[in-house]
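In this note's numbering, the protein residues as written are 1 to 109.
Scroll down for the structure; my scribbles are underneath it.
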């Protein structure tokens with residue numbers, strides 16, 4: 001197996017994508033955050049001291065997507081076409097479900 005981010009001496013390098021054609025890409029990630037029932041009730045009723053927690057989390061998710069190349073070593077910065085972050089409070093499981101989808105068109109490794 002060859003690791004694309006290591007050169008022949010084992011040193012880290014950024015993959016050269018200059019010869020690649022631009023392609024449309026989409027990535028989706030999904031997860032759940034389990035929290036105590038009183039906290040979930042406060043989120044649902046927007047009664048928390050910080051206001052609408054779901055709206056703040058959505059904005060934070062969008063901001064994080066825009067900083068991916070800063071947060072993941074050797075990741076190429078790509079122009080983002082769209083970011084969609086959905087959060088749904090789930091009382092049955094005392095959780096908030098999160099789905100994030102990001103789209104781009106560009107040269108990727």
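Backbone N, C-alpha and C define an ideal beta-carbon position, used for all residues, glycine too.
Fair warning: this is a prediction, and the values are worked out from it, not measured in the lab.
task: Count the C-beta pairs between the stretch 75 to 82 and the stretch 34 to 44 that are closer than 8 Å, then say yes if the count reaches three, no if not.
output: no
- prompt: What distance in whole Å lies between the Cβ atoms of residue 25 and residue 104, which are believed to be in contact at a cut-off of 8 Å?
  reply: 5 Å
message: Quick check on residue 84: does DSSP put it in helix, strand or coil?
response: strand
- prompt: With C-beta atoms as the reference, is residue 61 less than 7 Å away from residue 85?
  reply: Yes, the pair counts as a contact, with Cβ atoms nearer than the cut-off.
field: Strand pairing of residue 103, partner residues [DSSP]
entry: According to DSSP, which records beta bridges pairwise, residue 103 is partnered with 26 and 82.
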